[in-house]
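Quick note: the sequence shown uses this note's numbering, first residue 382, plus one each step.
Everything on this sheet refers to the single structure shown next.
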Amino acid sequence: MKWLFLILFVFSISCSNESNESIAKEFSEYKWVDLSYDFSDKTLYWPTANGFKLDTAFHGVTPAGFYYEAYNYCAAEHGGTHLDAPAHFAKGKWSADQIPLEKLAGDAVVIDVSEKALKDADYLVTVADIEAWEKTNGKLADDIILLFKTGYGSFYPDAKKYLGTDERGPDAVAKLHFPAIHPDAAAWLVKNRKIKAVGLDVASVDYGQSKDFKTHQVLYEQNIPGFENVANLDKLPIKGAYVIALPMKIKGGSGGPLRIVALIPGK
Ligand SMILES: [Zn+2]
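This is how it looks when you write it as structure tokens:
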């Protein structure tokens, strides 16, 4: 879809009065897919993280006679559909507010490992999985957003099935079982391909049983952000979607709630 934005850009220079109209028209050729879960008391968080809390500040008819509602919310950065800023595991790298916008939008590729991952909750995506995709679909293009579909999205928000445990607190961490990306595959990607960001339909880029969070370290050291608990990956084509992932702009944040959406061809 890069050509589309190039055409729109050129068009906007030559015909600036009509550019808004033409962008809307171009967008109407595509369908929006929401890749975010909503935030509620069902939202899944790491066993040691604070969950999402919504307190009612006011809800109803005011003494002045008009209707009004407003809430206060509170949550950990890392829960539900969210961004991992590189600073989360790499000192001095981008925090949530520092990630350039162009890193948060781009052509997306989906690598489906669900067949293996659904049989093994400790499955780790290998270099061979990526090479198998490339054998069929061609080399991963530069500047893509790379998404891994493990199939675990279909379990959300059932914590026991999705995370391996529905227990909370420090002792629950050892009971986490869900698939993710092998550190060697992350290292291979960093060395051999040029990706903007990585996302997947589980709670972490490292698998549930990880002790050193090596995949986090390898990716974030290279300023490659992560998108975790991405929803609806089964609604995306393996190629041809355009993803826009806009996190809450927390100054100095190590991550945050993420609204991630995709545009796919067809109305
Ligand atoms: Zn995270």
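We treat Cβ as the ideally placed atom computed from N, Cα and C, and that holds for glycine.
For residue j and residue i, believed in contact at Cβ under 8 Å, the rounded distance
i: residue 581; j: residue 609; result: 7 Å
i: residue 578; j: residue 617; result: Actually they do not touch by this definition, with Cβ atoms about 15 Å apart.
i: residue 521; j: residue 527; result: 7 Å
i: residue 563; j: residue 611; result: With 8 Å as the limit, residue 563 and residue 611 do not qualify as a contact, their Cβ atoms being about 19 Å apart.
i: residue 583; j: residue 533; result: 5 Å
i: residue 433; j: residue 454; result: 7 Å
i: residue 486; j: residue 622; result: About 11 Å separates the two Cβ atoms, so there is no contact after all.
i: residue 459; j: residue 636; result: 5 Å
i: residue 624; j: residue 641; result: 7 Å
i: residue 561; j: residue 585; result: 6 Å
Between the CA atoms of residue j and residue i - distance to the nearest angstrom
i: residue 565; j: residue 594; result: 12 Å
i: residue 406; j: residue 430; result: 43 Å
i: residue 393; j: residue 490; result: The predicted position of residue 393 is uncertain, since its pLDDT is 48 and thus under 50; no value can be drawn from it.
i: residue 537; j: residue 457; result: 18 Å
i: residue 632; j: residue 461; result: 20 Å
i: residue 451; j: residue 436; result: 9 Å
i: residue 413; j: residue 557; result: 33 Å
i: residue 416; j: residue 620; result: 16 Å
i: residue 645; j: residue 576; result: 20 Å
i: residue 599; j: residue 449; result: 48 Å
i: residue 387; j: residue 574; result: Note on residue 387: pLDDT 49, under 50, position unreliable in the model; the coordinate value appears next. If I take the Cα positions, the gap works out to 24 Å.
i: residue 592; j: residue 647; result: 43 Å
i: residue 596; j: residue 570; result: 11 Å
i: residue 590; j: residue 446; result: 55 Å
i: residue 559; j: residue 481; result: 30 Å
i: residue 397; j: residue 423; result: Only weak support exists for where residue 397 lies, its pLDDT of 48 falling under 50; the coordinates are left without a value.
i: residue 515; j: residue 478; result: 33 Å
i: residue 483; j: residue 464; result: 15 Å
i: residue 545; j: residue 428; result: 11 Å
i: residue 638; j: residue 403; result: 31 Å
i: residue 587; j: residue 607; result: 11 Å
i: residue 492; j: residue 444; result: 56 Å
i: residue 340; j: residue 555; result: Outside the modelled stretch of the chain, which goes from 382 to 648, sits residue 340, for which no answer is possible.
Start and end residues, beta strand (DSSP E) containing residue i
i: residue 609; result: 607-609
i: residue 411; result: 411-415
i: residue 440; result: 434-442
i: residue 640; result: 636-646
i: residue 526; result: 525-530
i: residue 576; result: 576-581
i: residue 465; result: 463-465
Residue range of the unbroken alpha helix (DSSP H) whose run includes residue i
i: residue 345; result: Summary: the structure shown does not reach residue 345, with the chain confined to residues 382 through 648, and so no result is reported for it.
i: residue 450; result: Per DSSP, residue 450 belongs to no alpha helix (DSSP H); it is in the beta strand (DSSP E), 448-455.
i: residue 372; result: Examination of residue 372 is not possible in this model, given that the chain is present from 382 through 648 alone.
i: residue 511; result: 508-518
i: residue 560; result: Segment: none, residue 560 is in no alpha helix (DSSP H) and carries neither H nor E.
i: residue 599; result: 595-602
i: residue 540; result: 540-544
Any non-hydrogen atom of ligand 1 closer than 7 Å to residue i Cβ
i: residue 602; result: no
i: residue 478; result: no
i: residue 609; result: yes
i: residue 501; result: no
i: residue 636; result: yes
i: residue 463; result: yes
i: residue 558; result: no
i: residue 459; result: yes
i: residue 469; result: yes
Cβ of residue i within 8 Å of any chain D Cβ
i: residue 525; result: Looking for chain D here will not work: only one protein chain is present.
Open item on the list: Under 8 Å: do the segment 535-553 and the segment 468-477 share three or more Cβ pairs, one atom per stretch?
Closed with: no
- [ ] Mind the definition here: the segment 451-470 touches the segment 495-508 only if three or more C-beta pairs lie below 8 Å; say whether that holds.
- [x] no
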